[in-house]
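Visitor: My questions all concern the structure below.
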């Protein structure tokens, strides 16, 4: 039985040979794409909130308990860039006071928000929001193919 001595010199030779071999090869540069989805629903709750998502034949319904919050709400669609939209839920207080606190792209700086990526078959411009029995109900209709 033959035993090969373990030395760092042999390992360095392998690395040097690998580097020399890769210099002549054309290396493809990897491009990082941002994680942007074309349609997103953002609710005014923390990311770990309990939200029921129901998909029906004509719409998506999102139901979340909203204790202590009430009044009139509406779904507002913000176009971030062409082809990329975000639906946010605004109440009457937000509609009046947030206009100065929104960033130029229409998003505030809250990162810990509950978000849901909507499929391409949805119609964000027709989204509705309402309070029913202490729950926030957001409805996003789908394209109905007959």
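In the working numbering, the protein residues as written are 69 to 214. For every residue, glycine included, the Cβ atom is placed at its ideal position computed from N, Cα and C. Model, not experiment: these values are computed from the prediction.
Measuring straight from C-alpha to C-alpha, what distance separates residue 119 and residue 211?
Guide: For this step, residue 119 is matched to residue 51 along the chain shown. For this step, residue 211 is matched to residue 143 along the chain shown. Spanning the two alpha carbons is a distance of roughly 23 Å.
Visitor: Give a yes or no on contact between the stretch 198 to 211 and the stretch 132 to 150, applying the rule of three or more CB pairs nearer than 8 Å.
Guide: yes
Visitor: Compare the C-alpha of residue 134 against each of 204, 208, 147 and 149 and name the closest.
Guide: Your numbering for residue 134 matches position 66 in the chain shown. The residue with the shortest Cα to Cα distance from residue 134 is 204.
Visitor: Using only CA atoms, which one of 121, 182, 155 and 114 lies nearest to residue 106?
Guide: Within the chain shown, the letter at position 38 stands for residue 106. The shortest C-alpha separation from residue 106 is found at 155.
Visitor: I'd like the list of long-range same chain contacts for residue 167, defined as Cβ closer than 8 Å, with 5 residues on each side in sequence excluded.
Guide: Here residue 167 refers to the residue found at position 99 of the chain shown. In this predicted model, residue 167 has a pLDDT of only 41, less than 50, meaning its place in the structure is not dependable; the value taken from the coordinates is given anyway. Cβ within range, chain order: n/a, list empty.
Visitor: Hey, quick one: how far does the beta strand (DSSP E) through residue 209 stretch, first residue to last?
Guide: For the purposes of this step, residue 209 is identified with residue 141 of the chain shown, where counting begins at 1. Boundaries of the beta strand (DSSP E) around residue 209: 203 to 209.
Visitor: Go through its chain and collect everything with a Cβ distance to residue 188's Cβ below 8 Å, but skip five positions before and after it.
Guide: As a first step, residue 188 is located in the chain shown; it is residue number 120 there, counting from the start. Only 106 and 107 meet the Cβ criterion.
Visitor: Please state the DSSP three-state secondary structure of residue 123.
Guide: Numbered from 1 along the chain shown, position 55 holds the residue referred to as residue 123. Reduced to three states, the DSSP call for residue 123 is strand.
Visitor: Can you name the start and end residues of the beta strand (DSSP E) that residue 109 belongs to?
Guide: Numbered from 1 along the chain shown, position 41 holds the residue referred to as residue 109. Run containing residue 109: 107 to 111, per the beta strand (DSSP E) assignment.
Visitor: Kindly indicate which three-state DSSP category residue 193 falls into: helix, strand or coil?
Guide: The residue you call residue 193 lines up with position 125 of the chain shown. Correct three-state label for residue 193: helix.
Visitor: For residue 198, does the three-state DSSP call read helix, strand or coil?
Guide: By one-based count along the chain shown, residue 198 stands at place 130. In this structure, residue 198 counts as strand in the three-state DSSP scheme.
Visitor: Would you list the one or two residues that DSSP bridges to residue 158?
Guide: What you label residue 158 is simply residue 90 of the chain shown in a count that begins at 1. Answer is 142, bridged to residue 158.
Visitor: In this structure, what does DSSP give as the bridge partners for residue 132?
Guide: Within the chain shown, numbered from 1, the residue matching residue 132 stands at position 64. DSSP, once it has assigned bridges, lists 119 and 204 as partnering residue 132.
Visitor: For residue 148, tell me which candidate among 213, 109 and 195 has the shortest Cα-Cα distance.
Guide: Sequence index remark: in the chain shown, residue 148 carries index 80 (1-based). For residue 148, the nearest C-alpha among the options comes from 109.
Visitor: According to the neighbour-count rule (16 or more other Cβ atoms, all chains shown, within 10 Å of its Cβ), is residue 173 buried or exposed?
Guide: The residue you call residue 173 lines up with position 105 of the chain shown. Bear in mind that a pLDDT of 46 at residue 173, under 50, signals an unreliable position, so the model cannot answer this.
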